[in-house]
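Residue numbers (mature numbering (1 follows the signal peptide of the UniProt record, and there is no 0)): -20 to -1, 1 to 564. Heads up, the beta-carbon is just placed ideally off N, CA and C, and yes, glycines get one too. Structure record follows, encoded as structure tokens.
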């Protein structure tokens, strides 16, 4: 039976710890206060100022029993028998836990000895999408079926259902420890649109959300365009997707833009930035006034010759158009094909400063902490990285791997890399978990940051080397690839750590991940990873267009999305695991 470690607290409550407590940053809620360069809290961990204190509620007398209900250890959405066409989902077999001893051998009897140190949930790649946004690239579907997803209008309903799942969990499934916090690892939005940012913050912190822009009464987009290229759910038209077996669902679009209510997370949550949050369409640098004006304007391109579609997609993939020049020229060339939509200023792209200000807005504090990791110091410095204390034993570090120069692959500047190195050194007596959007493999973009041309960019190998210098690093948790993958980084005579990459909540199988840290009391630690789905039922009812019914449809439509990758769930060793490593 696991034990929950009692959290040490100071005998005196000073002003800073009082602020930490009242800022919804208790260990029971999962987190300590944020630690940032030049901040008072950061100084408290670097040998200057008083020691950091994690404020906690009293630990329960005994942990909750381990459980599987509500996780993929119980069941996973899976199709019924048959193949081809549109397939309905139901309750599939569970994903069993795999013990991985790549970095250290698992010793017998550890389950009776282990002590819980921390437990949290990772969300990643929610991709909340304003599907009526004029700059969307749906027309790339003329060149590739998977360039547009039939379920994209339901991203908000799906995300709210994921919040409901986390709120219903009894605690950490292995140890029974209270869940401490939720961390999002980027691509919270899709088009870098202010509408999407508002929806994301309300999903996470609670509120009423109308996943609609433009005309407040009617949907205006590709799904009622009459184009056979796209699924036309409300129409009898035999579009390309209905020919694949997609249903005719009268009232679907009205339901998709109807107001929803998010209860908000019952846990404090932290935020990490992704390329879709930082860059227009996730790949173009800020600064093109034509594209910015087009985003809020009254015209939208919905179809394109296949040759032009293939050319634009190749330019994006091969990093040939970081400024969006080719996209701008394409929109001007095809001006006669543009359709009229209702203009909407709320679709404007948001800057990094806008992103920070929105997180710091008291209206979006929800369960806390204020800023969700970001601070006024970040706003003043123009940075989107920070550290925070998870517990007495562990710090968390969120880094910004987006490249302001453009493209969807990532990198990190020298200034931030040195800060990461120093933060790990200054907190050498605490274990560390690092969070980012990009993975080590997807940090290959070394394009210069236009605002800081002298700040050299570094790829994933430099981040791995930096983390390996520090024996206190346990894990690097990230997203971006939309695929489950867990990599053991072994560094002889240095620190070894696990890289934990989690599938998205926009491409099937729609997952998030619980991560628990335990001390096995035998010279090893274990990280338990447990995948969860949203609270929506696996089985859909085409007549149910309620909020819950739409969330179930979101998953099933995603499973049937033409051209989707079938590899995103990863192998069993990338799903529910126990990851063992030696104590530093």
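For residue 366, the enclosing beta strand (DSSP E) covers residues 366 to 369. DSSP places residue 468 outside any alpha helix (DSSP H); the residue lies instead in the beta strand (DSSP E), whose first and last residues are 465 to 469.
DSSP lists 163 as the bridge partner or partners of residue 250. Under DSSP, the beta-bridge partners assigned to residue 438 are 392.
Judged by DSSP in its simplified three-state form, residue 459 adopts coil rather than helix or strand.
Excluding its 5 nearest sequence neighbours in each direction, residue 270 has C-beta neighbours in its own chain below 6 Å: 308, listed in chain order. Pairwise C-beta distances place the stretch 506 to 521 in contact with the stretch 137 to 154, as three or more of them are shorter than 8 Å. Cβ-Cβ distances below 6 Å link residue 536 to 69 and 520 in the same chain, with the five nearest sequence neighbours on each side left out; the list follows chain order. Non-local beta-carbon contacts of residue 301 in its own chain, meaning distances under 6 Å to residues more than five positions away in sequence, involve 295 in chain order.
Just measuring C-alpha positions, the residue of 368, 351, 443 and 356 sitting nearest residue 394 is 443.
Given a length threshold of 3 residues, each whole run of the beta strand (DSSP E) inside the stretch 63 to 149 is given here in chain order: 69 to 72, 78 to 80 and 95 to 103.
Straight-line spacing of the CA atoms in residue 437 and residue 391 works out to 6 Å. Looking at the backbone, the Cα of residue 370 and that of residue 51 are separated by about 23 Å. In this structure residue 104 is not in contact with residue 327, their Cβ atoms being roughly 24 Å apart against a cut-off of 8 Å. Check the Cα spacing between residue 240 and each of 170, 183 and 310: the tightest is with 183. No residue range can be given for residue 451, since it is assigned to no beta strand (DSSP E) and is classified by DSSP as neither H nor E.
Taking the C-beta atoms as reference points, residue 496 is found no nearer than 8 Å to residue 86. One thing to note: residue 383 has its Cβ within 8 Å of the Cβ of residue 427.
Taken atom to atom, the span from the alpha-carbon of residue 488 to that of residue 539 is near 5 Å.
Taking C-alpha positions only, residue 189 is separated from residue 235 by approximately 13 Å. Under the Cβ criterion (8 Å, minimum of three pairs), the stretch 205 to 225 does not count as touching the stretch 261 to 268.
When rounded, the separation of the alpha-carbon atoms in residue 281 and residue 165 is 31 Å. Cβ-Cβ distances below 7 Å link residue 353 to 14, 250, 251, 366, 368 and 378 in the same chain, with the five nearest sequence neighbours on each side left out; the list follows chain order.
Restricting attention to 212, 196 and 237, the CA atom closest to the CA of residue 203 is found in 212.
Under DSSP, residue 189 shares a beta bridge with 240. Per DSSP, residue 296 lies in no beta strand (DSSP E); the unbroken alpha helix (DSSP H) holding it starts and ends at 286 to 297. Its chain contains 227 and 229 as the residues whose beta carbon lies nearer than 7 Å to that of residue 522, once the 5 sequence neighbours on both sides are disregarded; these appear in chain order. In the DSSP annotation of this structure, the continuous segment of the beta strand (DSSP E) that includes residue 497 starts and ends at 492 to 499.
127 is the residue among 112, 64 and 127 whose C-alpha sits nearest the C-alpha of residue 286. Annotated three-state conformation of residue 315 is helix, per DSSP. Look at residue 255 here: in three-state DSSP terms it is helix.
Where residue 59 is concerned, the enclosing beta strand (DSSP E) starts and stops at 56 to 59.
Residue environment analysis places residue 509 among the buried positions, since at least 16 neighbouring C-beta atoms fall within 10 angstroms of its C-beta.
DSSP places residue 307 within a helical segment (H, G or I) once states are collapsed to three. Distances from the alpha-carbon of residue 337 to those of 347, 363 and 313 put 363 closest.
Counted as a single uninterrupted DSSP element, the stretch harbouring residue 528 is not any beta strand (DSSP E) but the alpha helix (DSSP H) occupying residues 527 to 539.
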